[in-house]
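This report refers to the structure that appears directly beneath it.
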Amino acid sequence: MSGDVLGYAGKRVVVSGAASGMGAATAELLVGLGAEVHSLDVRAPSVPGLASHTDCDLRDPGQIDAAVARIGRVVNMLFNCAGLPNTFPDLDVMLVNFCGLRHLTERVVELMPEHADSAVVSIASTAGIGWVQNLATLMPLVTSADFDAAKAWCEEDPARIANAYGTSKEAINAYTAWRSSTLARRGIRINCCNPGPTDTPMMAEFEKAMGKRYMDEFPVPLGRHARPVEQAWPLVFLNSPRASFVTGVALDADGGFLGGLLTGQIDPSVLAPRG
Ligand SMILES: NC(=O)c1ccc[n+]([C@@H]2O[C@H](COP(=O)([O-])OP(=O)(O)OC[C@H]3O[C@@H](n4cnc5c(N)ncnc54)[C@H](O)[C@@H]3O)[C@@H](O)[C@H]2O)c1
2 MSGDVLGYAG
12 KRVVVSGAAS
22 GMGAATAELL
32 VGLGAEVHSL
42 DVRAPSVPGL
52 ASHTDCDLRD
62 PGQIDAAVAR
72 IGRVVNMLFN
82 CAGLPNTFPD
92 LDVMLVNFCG
102 LRHLTERVVE
112 LMPEHADSAV
122 VSIASTAGIG
132 WVQNLATLMP
142 LVTSADFDAA
152 KAWCEEDPAR
162 IANAYGTSKE
172 AINAYTAWRS
182 STLARRGIRI
192 NCCNPGPTDT
202 PMMAEFEKAM
212 GKRYMDEFPV
222 PLGRHARPVE
232 QAWPLVFLNS
242 PRASFVTGVA
252 LDADGGFLGG
262 LLTGQIDPSV
272 LAPRG
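Terminal number for the sequence shown in this note's numbering: 276, no gaps in between.
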């Protein structure tokens, strides 16, 4: 086996959200692994060694199309890391976290070689773990024709997106599972990660929305928040050719939260915080 164990040397990869937090940590790892890393974000990244950065607001499909056209040629791996917390307006949260993420993915997979280690990974969240129970409600959104149709679904009934952050993350999980079957025919894999609390700039926003005490005391069996790089490595693994038989799954990088919840060791009422 060569020194390029994860198989990223010379690969063209796109990272959304590379200006901050988990996206920045992921871009930095990928540069170090020898990939040609192209960033998309509303802010300029400071990661050294990037091949390009394009300003791109994921709320605007026209900007996504232009950014993907600018990167052009072949893209081997896509990392969907951009996101907005629940302190932003519900519609913006849905547009960035799901509608824009899906539009970017659909555009980028058009540039991916078939049956040649191409892969997509998206960051969802522990906040999206209820996706299986809500699948019937989510499927019309997940399978909607395009960005405008997805946006129309969000606008049709404000009650649908009253918990926009959780709904957007459930939709990522559902889209990953659903789209994996059709992309598999082309030899393209798609997976997602569900991180637990992680110390990035977004944590201050969660503290504003839910209270600092709630975030500090959120039950994590490992007993602490993750560091951004601890979320970046699972993403890098999932998109690596080393994970070549893994598709349509969600990896719960949550310090043991889901295991504790499913086995009755964590009180599920923690998922319905007040205030
Ligand atoms: N921090 C946590 O505890 C946590 C936990 C679970 C999931 N997540 C998810 O992880 C992902 C990364 O978040 P983070 O914690 O690194 O936060 P962050 O705020 O540090 O990074 C988010 C990035 O997304 C970019 N972004 C925001 N709006 C955008 C838009 N309209 N178009 C393009 N880019 C945009 C920001 O500029 C920023 O670079 C997000 O999807 C977030 O929801 C975070």
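For each residue, glycine too, the CB sits at the ideal point set by N, CA and C.
Please read these numbers as outputs of a predicted model, since none were measured by experiment.
For residue 100, is the beta carbon positioned less than 7 Å from some heavy atom of ligand 1?
Position 99 of the sequence shown, counted from the first residue, corresponds to residue 100. Because no heavy atom of ligand 1 lies under 7 Å away, the Cβ of residue 100 does not count as near it: no.
Verify the contact flag: residue 57, CB atom, against every heavy atom of ligand 3, threshold strictly below 7 Å.
Within the structure as shown, ligand 3 is missing, the only ligands being ligand 1.
Under the assumption that residue 52 contacts residue 37 (Cβ atoms under 8 Å), give the Cβ distance between them as a whole number of angstroms.
Translated into positions along the sequence shown, residue 52 becomes position 51. Translated into positions along the sequence shown, residue 37 becomes position 36. Confirmed, about 5 Å.
Would the stretch 194-204 count as touching the stretch 19-29 if we require 3 or more Cβ pairs under 8 Å?
Result yes; three or more Cβ-Cβ pairs closer than 8 Å.
What is the DSSP secondary structure of residue 111, reduced to helix, strand or coil?
For the purposes of this step, residue 111 is taken as residue 110 along the sequence shown, with counting starting at 1. Looking at residue 111 - three-state DSSP - the assignment turns out to be coil, as it is neither helix nor strand.
Starting from the C-beta of residue 223, find all residues in its chain whose C-beta is less than 8 Å away, skip the five residues before and the five after it, and write them out in chain order.
The count along the sequence shown starts at 1 and reaches residue 223 at position 222. Excluding sequence neighbours, residue 223 sits near 256 and 257.
Hey, is residue 60 close to ligand 1, as in C-beta under 7 Å from one of its heavy atoms?
The count along the sequence shown starts at 1 and reaches residue 60 at position 59. The answer is yes for residue 60.
In whole angstroms, give me the CA-to-CA distance for residue 276 and residue 215.
Taking the first residue of the sequence shown as position 1, residue 276 is located at position 275. Taking the first residue of the sequence shown as position 1, residue 215 is located at position 214. Confidence in residue 276 is poor, its pLDDT being 44 and thus under 50, which makes the residue's placement unreliable; the coordinate value appears in the next sentence. Their backbone Cα atoms lie some 9 Å apart in a straight line.
Where does residue 276 sit, in a helix, a strand or coil, going by DSSP?
As a working note, residue 276 is residue 275 in the sequence shown. Because residue 276 carries a pLDDT of 44, less than 50, the predicted location of this residue cannot be relied on, and the following value inherits that uncertainty. Coil, per DSSP.
Between residue 17 and ligand 1, is the CB less than 7 Å from at least one heavy atom?
On the sequence shown, residue 17 is found 16 positions in, with the first residue counted as 1. Checking the Cβ of residue 17 against ligand 1 gives yes.
Go ahead and pull the three-state DSSP assignment for residue 130.
Residue numbering aside, residue 130 sits at position 129 when the sequence shown is read from its first letter. Coil at residue 130, not helix or strand.
Would you call the stretch 59-77 and the stretch 121-141 touching, i.e. three or more CB-CB distances under 8 Å?
Flag = no, the stretch 59-77 and the stretch 121-141 do not touch.
Starting from residue 93, trace the beta strand (DSSP E) in both directions and tell me its first and last residue.
By one-based count along the sequence shown, residue 93 stands at place 92. From DSSP, residue 93 is part of no beta strand (DSSP E) but of the alpha helix (DSSP H) over 91-95.
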